[in-house]
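Protein chains in written order, with the working numbering: chain A, 32 to 89; chain B, 1059 to 1368; chain C, 3 to 225; chain D, 1420 to 2364; chain E, 14 to 124.
Cβ atoms here follow ideal geometry from the backbone N, Cα and C, with glycine treated the same way.
Values in this document were obtained by computation on a predicted structure and should not be read as measured data.
Some notes on the structure that comes next.
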Amino acid sequence: MADKSGSVMVLGAGIAGMQASLDLANSDYNVYLVDKTPTIGGMMARLDKTFPTNDCAM
Amino acid sequence: MELKSGSNLEKVLTAGHFAFTGELGPPRGADAAEVREKAEHLKGMVDAVNITDNQTAMVRMSSWAASLILLQEGLEPNFQMVCRDRNRLAMQADILGAYAHGIRNMLCLSGDHQQFGDHPQAMGVFDIDSMQLISMTKQMRDEGTFLSGAELHGVPKMFIGAAANPFAEPFEWRVHRLGKKIAAGVDFIQTQCIYNMERFREWVKRANDMGLTEKAYILAGVTPMKSVGMAKYMKAKVPGMDVPDEIIKRLQGAGKGKVADEGINIACDQIEEFKEMKGVAGVHLMAIEWEHKVPEIAERAKVLPRPQID
Amino acid sequence: MIVAKRKPFEEIKSMIKDYKKVLNVGCGTCVAVCLAGGEKEVDVLNAELDMARKLEESPIELGKITVERQCDREYLETLDSMVDDYDAILSMACGAGIQFLAERFAHKPVFPGVDTSFIGINQDVGWYEERCRSCNSCVLGMTGGICPVTMCAKGLYNGPCGGTNQGSCEIHKDQPCAWYMIYERLERQGRLDSIMDVVPAQDWRNQTPRTVIQPGYKKPEAA
Amino acid sequence: MISPKLVEVGRHTNINLITNSEIKSIEGDPGNFTVNLVNHPRYIDPVKCTGCGECARHCPVTAVNEYNLNLDDRRATYIQYAQAVPLAFAIDTDTCIGCGLCENMCIAKAINYDDEERESSVTVGSVILSSGSRGFDPSQLDFLGYGKHTNVVTSEEFERILSASGPYFGHLMRPLDREEPKKIAWLQCVGSRDTNRSGNGYCSSVCCMYAIKEAMIAKEHAHGDLDCVIFNMDMRSFGKDYEKYYNRARYKDGVRFEKGRIHTITEEPETGDLKVRYADETGMAQEETFSMVVLSVGLKIPDTSAELAERLGIELNKYNFVNTDPFAPVCTNRPGIYTCGVFQGPKDIPGSITEASAAACLAGGDLAEARGTDIEKVEVPDEKDVADQAPKIGVFVCNCGINIGGIVDVPDVQEYAATLPNVVFTDSNLFTCSQDTQDKIKEMIVEHNLNRVVVASCSPKTHEGMFMETLEACGLNKYLFEMANIRNQNSWIHSNDPELATRKAKDLVRMSVFRAAELKPLEEKLVHVNKRALVIGGGIAGMNAALGLGRQGFEVVLLEKDSEMGGFARKLHHTIEGKDVQAYLKQLIEEVNANEKVQVMTDARIVGFEGFKGNFATQVEVGPDAEKHKIEHGVIIVATGANEYKPKEFLYGEDDRVITQVALTDRLEEKGASDLSTVVMIQCVGSRNEENENCSRICCQSAVKNALHIKKLNPDAQVFVLYRDIRTYGLLEEYYTEARKQGVIFIRFDKDAPPTVEATSEGLVVTVKDHILQQNVAISTDLLTLSAGMAATDTDELSRIMKLNRSPEGFFIEAHVKLRPVDMPSEGIFLCGSAHGPKLISETVSQSQAAASRATTFLAKDAIKLSAITAKVDVDHCVKCLTCVRSCPFGVPIFNEDEKVIEINEAICHGCGVCTAVCPRQTIQLSFYEDDQITSKIDALLEAA
Amino acid sequence: MRLEYPGNVKIIRVPCTGKVDVMHLLRAIQKGADGVYCVGCLEGTCHYNEGNFRCRERVNHVRMLLEEVGLESDRVRMYNLSSGEGPTFAAYAKEMTEHIKGLGPNPLKNK
């Protein structure tokens, strides 16, 4: 038990990386979310709206 | 056989003649001459004339009053009474008064809803319904009592009529409705205008099968079409009306200026068939606002001369 | 349930135009359920009146209270200590409640805030339909549970009039013919015989206020 | 839509954001890796930076804005977008001239020019690679003229053009002259399905849908009639309900869809309009002019990801997507390292999210015994009882550096606040959100015995949670807090009018103080969580979900209605990749049976259900004797599967030679194909029609798979595939290419002119109109195979008992098509496999692992804290009019038959407040938004001025 | 986003426009506000399914009530936008303000 870490690293903070991090964090794991850019959000943060609801992506 | 009322219509029917009745709408005003003028066209052409009672819920000269004018003109009125405008007191009072003046035929109706007329705000009375009106009139005549059971002096011996609509849904029920009216005490029936002959034949056949045509006289309702527009209007807008497309097509095929004539042709064809139809005792011609055409129609329908029975 | 609807604002305003202090009394049962006269509608009406009177430079002081039922005297007791502070009373109850209120405070003018419409059912939120005219002689057993008095435009007891039109009433295409529905339902139940006989004329007696005493609840006669 | 997620990630105590960083190497073993990172300099300390933006406002250097795809400018000191997380600026040293202005302006002292590249390392048990993709760069395809003709833009650029936060503020304009375009063309498959020019043989899976969306939104934005044309080879709207969207665009919104291959794009010099030359379906050359052309660029893995994979020893396929097994779609070749999102393969947002949860399931599952060991537990002191105290309000006014203080006269506002009723303490701070100010607020709360706190600063959306924690930390109920947004709603808006801004700040503070006085302490109830899961359905989905939960250490009861497990997969033989489904199934069933956490009940039928998240109870009848069981559990995973549609079309059931794809697979296994000279396949049978508007997603690949199989068994056999659009998305495209190479003939038909079939004694004759030849072709065939779509399992009874919503087609409905693809609308209930919609085995596996992950987020907790913002009924006053019952969008208020009262279960109330606004007797109040709390603000604004 | 909009607009936060009560809107006008408007999510995208439709209905109701009272119904309006549309928010704030200026001050003010 002692030799297993309770942390996970997620590389890439787009929508997938964020979701993986949230699931893990909400399941009581510690998460390091690493991104190359200064801001998380990835590609989806650049979209205007998304189908099929045409909701604003941001 | 002892007659119930002794009216001309009753006599014609009991004698086994093919009855022919007409219709007259009283004026929207107090001018008696208007009634007399319309009556003039009908003289000698029909056995009795229905006098409508605030027809289409529009205020008109009262039905019994116009009936009196008709009597003065030597015609026999068929006094129509609807349940919409008066309660059982007024109705019984009018029956007594009408009879006192020599009115012998009565047609018992529910009446068009007030919403259609010129006073849609009016309260619809409907204290009793047409079925109950029939049985009330019969009770006055045959038992000599008011609806309440109290005895009356001077019994109004009316020949009691009612309307029937062979076309309304559900069709299966229509003959039973007729039976119910006969059970309530009706002597004769005038039907809704007939255009769908097939339906009507079926209805009469069922009435024959149930023995109803032996218990009351059925007068088939006929209204000649004046125009294609009228036919379309009746098909689309008039409740309870069944106008088959063939009728409209036949009128449309008549050519310019000949539509009305074709309308009369259709009516005459119908009357010819009714004359031969078992269970049909006559025709009720509703030439609405076309009273002056009645002589021509009667002529072409070969129902003249009208029998004279004393 | 009794269904009511708010009176036109102009009418209410003009009824109370001469009063400076008015108590608006809501009723917490039927009219609250039908969204016409509960706490919320009292508040809305008061806000409207307040604004309208201010605009007319004739400000009004409005009180509000909603009692459980205006047709029960115990609930009206709470008003005893209040009404004297006001010149007039507005009641958001049905006609019965308004009258009972007016009767209790006979020295005060009482005005109706709603029009009592009918006894009906709730089809959906805010949507009510009449089902009973409290005729006092129910024939629903004979008619398959469809009321010929309320549902037929002419209140006919012996089948439809000549205006019945492919299942619709002659007055409107969207209004089903009560007798058509009665026939359909009884046919399905195999009970058509129940409408084959002529129903005699109704007993419309008791046009004076009718009384019902539920059996088992009659008070012993005073000794 | 993504922004709440950004905030949640940014604020989560268990998530450490490491930005500007890359993985250098990973050492060690699963369960205990050391990850070495390279941290690139940001030059602005994200901890100190308050996001006030003064630095950027004073930066003299203009740089192109990559966020808006270079369509506009930003400063050298920048954040990407207003909602950025972390809300901290960075300096782009490529353009920075080092003038020092920003450093001078920064009151928080966050600027650090001397920042430099560092290395760091962390210890973790698992790693997830989700580095995503970027849009394909079309400049290498010179026939498209991208980079040469200004009005040719990529779809990514067009997204920014449409966006309200984009370079044109959401006005539809073309770049050249900023004129509104009249006609726009979208060109599909730019950098996808193209081995010749771009080298990318895969389908990017997302472009068809985003092109439709862009066309629809563009039409919405346009002021007149905008003509939108999408040039495509096949429209691939294969996702759940996507076909409906496509139909809406096509038939309702009037977007045109043209089959065609683009030859060249040339610019008309006078107008800047673009002439598109293309070959239509019949091969005829056509020409049409547009004001603007959008290139629907595909998804491409950046070289940096490939290099990373190389460093980490992760196998990639030839397109640099991670090599994965269809039965283990998120596992890389290196144990303990998982992947998800587009790095795994081209996919859309819901697909990425699903896979992310799947990766989380496995990554966490490896570390189940260490769960909770690396996280900080926040200790909260006991709450002071202030319910009966008169309000004592403290007001803290924030300068936000000079963001507020530079415009609003903060001392004046503070002074004013002190005059307001119930205010006993006021203060102003440079940055109220800074750690030292938090400590100061705590001190003041204690010192002045404050029982309400008002902070006048920025948006509650980002900062309310933090301040509430500060209240909690000194024993004050966190709902006794109120915020006045005097920055975003005031100083930023009215920077030109300081006087107005100061006046308005006073108004906003007054409104907040009045509301604060009305606030009540609220309790966030704890509901115990039963740590057992119920999985309904024992197919591939149900079994994977059960195993996923079992690995996480939770008990699972798995219900299967049949007498054995396996579901629809029992009828399948191989995947398109050639993997043996039956062997996999056998191994899966063994694994499930061997797992001591998983209890399997076969022949099980659900007969009763009650409860809510964390505490459900389900009654089941099990076995031939209908033995009754009551299962108590905390979560539910619905995995009831689907079946092949049973066709009514094309003589199916009347002629033995007409079979379905599933039957064809059996036939090929049993009898081979040596006796077949011709096989015709018809696509979209039972899909994309009036009865079932949706695409069944998998039938195109089934057809291609079987066609290839026939060709392998009997190369001389002729195979015809009659189709409407071939939808071999993602890497499946390769098999489609292979099938054509092997000589399989694909003939397209229109929905309105479907093929006809005639049975003759010699064979079946299938007639179809060939679009290329423009004439009818009659094909005599030995066998007609119908690509029957997927039909949902009959779940009428289940959905009634458990109150689960289904689409008209009978598939269960997820909570949100985009962001919550495996959650169901009721909390604690999850969905996976083809019960959600048609899908491949690999997709089913990842979706079921995702459902297990989502369920784990519930089961990991001993208790769930319920939101205190729920509706409450005053039952004494309630007339039970049922208005709330009928108005609640979630069916929460119910009439309790036993208690005879209207009841609102806090555990399932969403807190929207609809019921409170419809209640005729004002007997329902929404906590924290009670009527008095709202009207106090109205009154404060208008009355107490 | 720092988009200018008129200073007379003050925001009261609700979890969903479905929470906005007829009385809240009436009260604002009653107390002298020149105008009130509700800003809800775009129709069809309500997080709570239909709160914004309900709000629209209530706004219409209040407009009717104002007309009864003798005030301009157009002092109360409903706007819809999505959370990412800062510029649209500012545009609506301007539009509403301009519009209310056209109507003039609430006659109930200071009464």
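Could you work out which residues of chain B lie near residue i, taking near to mean beta carbons separated by less than 7 angstroms?
i, result
"C/Ala155", "His1171"
Here's the rule: buried if 16 or more other CB atoms are within 10 angstroms of the residue's CB, otherwise exposed. What is residue i?
i, result
"D/Ile2260", "buried"
"B/Cys1251", "buried"
"C/Ala225", "Caution is warranted here: a pLDDT of 44 is assigned to C/Ala225, below 50, making its placement in the model unreliable, and the coordinate value is therefore given only provisionally. Per the 10 Å Cβ criterion, exposed."
"C/Asn26", "buried"
"D/Gln1559", "exposed"
"D/Gly1481", "Note on identity: in this sequence residue 1481 of chain D is Thr, with Gly being the wrong assignment. Exposed, by the Cβ-count rule."
"A/Met49", "buried"
Less than 8 angstroms between the CB atoms is what I'm expecting for residue i and residue j, so what's the real figure, rounded?
i, j, result
"D/Leu1490", "D/Pro1600", "D/Leu1490 to D/Pro1600, Cβ: 15 angstroms. No contact."
"B/Thr1079", "B/Leu1270", "About 20 angstroms; that fails the 8 angstroms criterion."
"D/Ala1509", "D/Tyr1462", "7 angstroms"
"B/Asn1066", "B/Ala1106", "6 angstroms"
"D/Ala2197", "D/Val2176", "At roughly 11 angstroms, the Cβ-Cβ gap does not stay under 8 angstroms, so D/Ala2197 and D/Val2176 are not in contact."
"D/Ser1624", "D/Ser1715", "Contact flag wrong, Cβ pair sits at about 12 angstroms."
"B/Glu1378", "B/Met1216", "In the structure as shown, chain B begins at 1059 and stops at 1368. Residue 1378 of chain B is therefore absent and cannot be evaluated."
"B/Gly1321", "B/Leu1309", "6 angstroms"
"B/Pro1135", "B/Ile1109", "5 angstroms"
Checking contacts by CB at 8 angstroms: is residue i closer than that to chain A?
i, result
"D/Cys1759", "yes"
"E/Glu98", "yes"
Residue i versus chain E: which residues are under 9 angstroms apart at the beta carbon?
i, result
"C/Ala54", "Glu81, Val82, Gly83, Leu84"
"D/Pro1557", "Correct list: empty, because the minimum Cβ distance to chain E is about 27 angstroms."
Closer than 8 angstroms, CB to CB, is residue i near chain B or not?
i, result
"C/Cys163", "yes"
For chain D, is any of its Cβ atoms less than 8 angstroms away from the one on residue i?
i, result
"C/Lys42", "yes"
"A/Leu78", "yes"
"C/Leu37", "yes"
Just to make sure I have the definition right: I need the residues of chain C whose C-beta is within less than 9 angstroms of the C-beta of residue i. Which are they?
i, result
"B/Leu1129", "Neighbours of B/Leu1129 on chain C: none; closest Cβ ~27 angstroms, over 9 angstroms."
Taking Cβ positions only, does residue i come closer than 8 angstroms to chain E?
i, result
"C/Asp20", "no"
"C/Leu194", "no"
"D/Met1524", "no"
"C/Glu132", "no"
What does residue i touch in chain A if you count any residue whose Cβ is under 7 angstroms from its own?
i, result
"D/Ile2385", "What is shown of chain D runs 1420 to 2364, which leaves residue 2385 of chain D out entirely."
Which residues of chain A have a Cβ atom closer than 8 angstroms to the Cβ of residue i, listed in chain order?
i, result
"D/Arg2273", "Asp54"
"D/Ala2279", "Asn57, Ser58, Asp59"
Under a CB-based cut-off of 8 angstroms, is residue i close to chain C?
i, result
"E/Val52", "no"
"E/Arg69", "no"
"D/Val2337", "yes"
So what does residue i bridge to, in DSSP terms?
i, result
"D/Glu2110", "Partner(s): none; D/Glu2110 has no beta bridge."
"D/Met2209", "D/Glu2063"
"D/Ile2343", "D/Val2292"
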